[in-house]
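Novice: In my numbering, the protein residues as written are 1 to 248.
1) Using the Cβ count rule (16 or more neighbours within 10 Å means buried), how would you classify residue 1?
2) Anyone know if the C-beta pair for residue 41 and residue 13 falls short of 7 Å?
3) Give the DSSP-derived three-state secondary structure of residue 181 in the structure shown.
4) Report the residue from 62, 57 and 135 whose alpha carbon sits nearest the alpha carbon of residue 48.
5) Hey, residue 139 and residue 168: beta-carbon distance below 7 Å or not?
6) Among 38, 72 and 66, which has the Cα closest to the Cα of residue 53?
7) Just to confirm, is the Cβ distance from residue 83 to residue 232 under 7 Å?
8) Buried or exposed: where does residue 95 fall if 16 or more other Cβ atoms within 10 Å of its Cβ makes it buried?
9) In chain order, what residues of the same chain have a beta carbon less than 7 Å from the beta carbon of residue 162, not counting five sequence neighbours either side?
10) So within the region 101 to 172, which uninterrupted alpha helix (DSSP H) runs reach at least 4 residues, ignoring any that extend past its ends?
11) Is it buried or exposed, residue 110, if we count other Cβ atoms within 10 angstroms and call 16 or more buried?
12) Exposed or buried, which one is residue 3 when buried takes at least 16 other CB atoms within 10 Å?
13) Near residue 180, which residues of its chain fall below 7 Å by C-beta distance, leaving aside the five closest residues on each side in sequence?
Following this line, the structure appears as structure tokens:
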């Protein structure tokens with residue numbers, strides 16, 4: 001008797017050439033990339049997330065650097081998550097903020113917020129020159145089941161409230177993957193990045209999903225450090241998911 005074939009049989013992986021690291025520009029980086037022409041990508045993607053991969057546009061990749069293992073894939077087990085004191089304050093501070101799940105389509109409102117965010121957060125970093133084509137290429141996948149989680153100020157009788165943040169989120173049968181979040185840079189005190197993760201967790205819990213994938217945590221990188229504040233947290237060590245130590 002023959003064996004049933006696996007969805008990942010004959011899966012092709014490519015290794016990129018060296019390029020400047022997106023997190024430590026002075027370092028040389030390489031990635032493993034799943035064959036972007038493979039028609040099975042929508043079906044392989046959930047397994048790839050479990051292997052520590054990540055989506056950027058239509059590319060599913062994992063860092064594969066010769067002398068660095070700084071990028072650690074992390075995820076939150078949704079049913080076990082309990083917000084800490086700081087996260088509870090964030091929820092209280094933003095109690096009036098409304099969350100809406102909408103199709104992953106660029107609108108002038110989304111794009112204007114994205115440009116303001118990049119100008120404030122990534123000036124001279126290469127992304128601040130992103131136009132509409134780059135927005136679509138980076139955030140709106142051709143094959144992924146993607147939604148935009150909008151965070152808005154309270155609506156009025158005449159119009160929806162002002163757009164405060166957008167969390168680009170992929171849905172797979174067992175979980176959500178937080179692809180990218182951009183928010184109003186003048187409202188940093190609100191903690192909108194943290195709020196986006198908390199609202200994604202609420203979404204996942206409502207739908208009975210098991211995990212929220214947060215991408216890569218990088219020890220010592222200020223922009224990635226917030227991820228270790230969500231507990232319990234699991235980290236992928238290259239073979240299996242293990243509990244992530246609580247911060248001191």
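Glycine included, C-beta positions come from ideal geometry on N, C-alpha and C. Owing to the predicted nature of the structure, the values given are computational and were not obtained by experimental measurement.
Specialist: Result, derived from the coordinates:
1) Position 1 of the chain shown, counted from the first residue, corresponds to residue 1. Summary for residue 1: the model assigns pLDDT 42, below 50, so the residue's position carries little reliability, and this model does not support an answer.
2) On the chain shown, position 41 is the one that residue 41 refers to. On the chain shown, position 13 is the one that residue 13 refers to. In this structure, residue 41 lies away from residue 13, with their beta-carbon atoms at least 7 Å apart.
3) As a working mapping, residue 181 is identified with position 181 in the chain shown. If DSSP states are grouped into helix, strand and coil, residue 181 belongs with the strands.
4) Your numbering for residue 48 matches position 48 in the chain shown. Between residue 48 and the set 62, 57 and 135, the nearest pair of CA atoms involves 62.
5) Working through the chain shown from its first residue, we reach residue 139 at position 139. Working through the chain shown from its first residue, we reach residue 168 at position 168. Cβ atoms of residue 139 and residue 168: closer than 7 Å.
6) Looking up residue 53 in the chain shown gives position 53. Nearest option by C-alpha distance: 72.
7) Reading the chain shown from its first residue, position 83 is the one you call residue 83. Reading the chain shown from its first residue, position 232 is the one you call residue 232. Against a cut-off of 7 Å, the Cβ pair of residue 232 and residue 83 comes out as no contact.
8) If you number the chain shown from 1, residue 95 lands on position 95. With fewer than 16 other Cβ atoms inside 10 Å of its own Cβ, residue 95 counts as exposed.
9) The residue you call residue 162 lines up with position 162 of the chain shown. Cβ neighbours of residue 162 beyond the five flanking positions: 152 and 153.
10) As far as the region 101 to 172 is concerned, its whole alpha helix (DSSP H) runs of at least 4 residues are 108 to 121 and 132 to 139.
11) Residue numbering aside, residue 110 sits at position 110 when the chain shown is read from its first letter. Counting every other CB atom within 10 Å of its CB across the protein chains shown gives residue 110 a total of 16 or more, marking it as buried.
12) For the purposes of this step, residue 3 is identified with residue 3 of the chain shown, where counting begins at 1. Any reading at residue 3 is ruled out, since the residue's pLDDT is 48, under 50, leaving its predicted position unreliable.
13) As a first step, residue 180 is located in the chain shown; it is residue number 180 there, counting from the start. Only 139 and 168 meet the Cβ criterion.
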